[in-house]
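Notes to accompany the following structure.
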Amino acid sequence: MIQYVINLVSVWAIPVFLLAIPLHGAVRGVKVYESFVEGAKEGFQVGVRIIPYLVAILVAVGMLRGAGGIDLLAHWLDPAMKWLGIPAEILPLAIMRPLSGSGSLGIVTELVKTHGPDSFIGRVAASAYASTETTFYVLAVYFGAVGIKKARHAVVAGLFADIVSLFAAVFVCRLVFRP
Amino acid sequence: MLNYIWLSLIILAVVLGGINGKIEGVTKSAIDAASNSVTLAIGLIGVMALWMGIMKIAEDSGLVMLLARLIAPVLRWLFPDVPPDHPAMGSMLMNIAANALGLSNAATPLGLKAMEDLNKLNKFPGVATNAMCTFLTINTAGVQLIPATMVSLMASAGSTNPTAIIGTTFAATVISLVAGLAAVKLLERLPIFAVAGVPLKEEGS
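Chains as they are written, first to last, in our numbering: chain A, 769 to 947; chain B, 122 to 326.
Quick look at the structure:
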């Protein structure tokens, strides 16, 4: 039942948005086609504007991945994380998550397949992935779009929220699924 | 801040790559990542244009304003520097809603629209405002009602109960949203994060 509703929302949300907004506009007397084109013009500039920011962040992250740095960091942090109650299997995912979206999606897919989707590790991994964001990518794209170079406290706050999400996901899964 | 993080990532990569004997992998990853970034950005242009066009209609019809007014009390507390009837309130709300519903294709363009609206209120070009930092924190810690990607991953891996993670994800995001907001509101007062720069001249002058 829940899955049916979720499926329904996932499939229908965008078409409904795409219909409802122009429809509401037309009722309110907006020249919808002209408005749309006027707004869409900005899409190109934004896409081009974020390129330098994306290159900066993705190259630095890519280099670290290419160096095998994620696994090494996971190895170093392992004792501390074990002490804090984070399962060792989750650690590479936790380190990768704020840095790379595709990289962390690969890790979580692998974890779910190896341990099984109904295993404790699989559920913790999926919950942790879903409750966090690729913070560095978001920073690069969002700030890049408006030419912000000084991010001030956004980096610290974003990473802090990511770490809290990770611990919260593990903690909540422990309560709910009882390994 | 980003200066230090960026430099640390590169130093760490080259040193670890050297120790691991993967220095060629570091070169290859750097070049690949650079060209991938452009593919990624160019790929975003079409979706971006689509949502920016839709948002322009929503703005012209007053729908954005209407949405913003619905949760004005919450928004006013979160973003005290943004006037309650500013279009940024509406576009931020749309982005947060798209994120919560797991509509990532729509969420990014809507978020960038919100950043553009917020930047219109920015008196220091190139420096993030308090509202931008708060918005980004809500974005990274944001409440997730429908973790669509993970539910479909669980289902395709043959789970007997793929939606089991919805509750745990929701709870974890509520905790991290509260923590993130507390952090961002606290950090914005710290002197090391104070705005330093040349303010724009007042509009019209």
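For each residue, glycine too, the CB sits at the ideal point set by N, CA and C.
Considering only the beta carbon of each residue, do residue i and residue j sit closer than 8 Å?
i, j, result
"Ser899 of chain A", "Ala937 of chain A", "yes"
"Tyr897 of chain A", "Leu257 of chain B", "no"
"Ala285 of chain B", "Arg796 of chain A", "no"
"Gly223 of chain B", "Pro268 of chain B", "yes"
"Val827 of chain A", "Ala262 of chain B", "no"
"Ala289 of chain B", "Val264 of chain B", "The question names Ala, yet the displayed sequence has Thr at residue 289 of chain B. Taking 8 Å as the Cβ cut-off, Thr289 of chain B and Val264 of chain B do not qualify as a contacting pair."
"Val168 of chain B", "Asn240 of chain B", "no"
"Thr902 of chain A", "Gly926 of chain A", "no"
"Gly836 of chain A", "Asn141 of chain B", "yes"
"Phe888 of chain A", "Phe945 of chain A", "yes"
"Thr250 of chain B", "Asn243 of chain B", "yes"
"Ala189 of chain B", "Gly211 of chain B", "yes"
"Met915 of chain A", "Gly247 of chain B", "As written in the sequence, residue 915 of chain A is Gly, which differs from the Met given in the question. Their beta carbons are under 8 Å apart, which means Gly915 of chain A touches Gly247 of chain B by this criterion."
"Ala893 of chain A", "Leu861 of chain A", "yes"
Can you have a look at residue i and say buried or exposed, based on whether 16 or more other CB atoms are within 10 angstroms of its CB?
i, result
"Ala315 of chain B", "exposed"
"Asp202 of chain B", "exposed"
"Tyr772 of chain A", "exposed"
"Met769 of chain A", "exposed"
"Glu145 of chain B", "exposed"
"Gly815 of chain A", "buried"
"Tyr905 of chain A", "buried"
"Val779 of chain A", "exposed"
"Ser870 of chain A", "exposed"
"Trp844 of chain A", "exposed"
"Ser326 of chain B", "Annotation note: pLDDT 35 at Ser326 of chain B (below 50); position unreliable, coordinate value reported separately. Exposed: under 16 other Cβ atoms inside 10 Å."
"Thr882 of chain A", "exposed"
"Trp198 of chain B", "exposed"
"Lys799 of chain A", "exposed"
"Asp206 of chain B", "exposed"
"Val147 of chain B", "buried"
"Ile132 of chain B", "exposed"
"Lys177 of chain B", "buried"
"Thr281 of chain B", "exposed"
"Ala134 of chain B", "buried"
"Cys941 of chain A", "buried"
"Glu323 of chain B", "Bear in mind that the predicted position of Glu323 of chain B carries a pLDDT of just 47, short of 50, making it too unreliable to give a figure here."
"Arg865 of chain A", "buried"
"Asp238 of chain B", "buried"
"Asn220 of chain B", "buried"
What residue range does the alpha helix (DSSP H) around residue i cover?
i, result
"Leu242 of chain B", "Counting along the chain, Leu242 of chain B falls outside any alpha helix (DSSP H), and DSSP gives it neither H nor E."
"His207 of chain B", "Per DSSP, His207 of chain B belongs to no alpha helix (DSSP H) and is neither H nor E."
"Pro847 of chain A", "Gly837 to Trp851"
"His921 of chain A", "Taken as a continuous stretch (DSSP letters only), His921 of chain A belongs to no alpha helix (DSSP H), as it is neither H nor E."
"Ile163 of chain B", "Ile144 to Asp181"
"Thr294 of chain B", "Ala285 to Leu308"
"Pro783 of chain A", "Ile770 to Val795"
"Pro268 of chain B", "No alpha helix (DSSP H) holds Pro268 of chain B; DSSP gives it neither H nor E."
"Phe812 of chain A", "Val800 to Arg817"
"Leu184 of chain B", "Leu184 to Leu191"
"Phe256 of chain B", "Asn251 to Ala262"
"Ser129 of chain B", "Leu123 to Asn141"
So which residues on chain E does residue i lean against when the C-beta distance must stay under 8 Å?
i, result
"Pro201 of chain B", "Chain labels in this structure do not include chain E; the protein chains are A and B."
Please tell me whether, using a cut-off of 7 Å, the distance from the CB of residue i to the nearest non-hydrogen atom of the ligand FMN is below it.
i, result
"Leu852 of chain A", "Within the structure as shown, the ligand FMN is missing, as the structure has no ligands at all."
Could you tell me whether the segment 928-937 of chain A touches the segment 834-844 of chain A, where touching means 3 or more Cβ pairs closer than 8 Å? no
Taking 8 Å as the threshold, find out whether the segment 208-217 of chain B comes into contact with the segment 228-238 of chain B through three or more Cβ pairs. Three or more Cβ pairs drawn from the segment 208-217 of chain B and the segment 228-238 of chain B lie within less than 8 Å of each other, which places the two stretches in contact.
Segment contact, 8 Å Cβ cut-off, at least three pairs: the segment 150-162 of chain B with the segment 816-826 of chain A: yes
Taking 8 Å as the threshold, find out whether the segment 921-932 of chain A comes into contact with the segment 877-886 of chain A through three or more Cβ pairs. no
Please give me, in chain order, every unbroken run of the alpha helix (DSSP H) with length at least 4 that falls completely inside the segment 848-918 of chain A. 859-864, 869-883, 888-899 and 903-913
Stretch-stretch touch, CB-based, cutoff 8 Å, three pairs: the segment 176-185 of chain B with the segment 804-814 of chain A: yes
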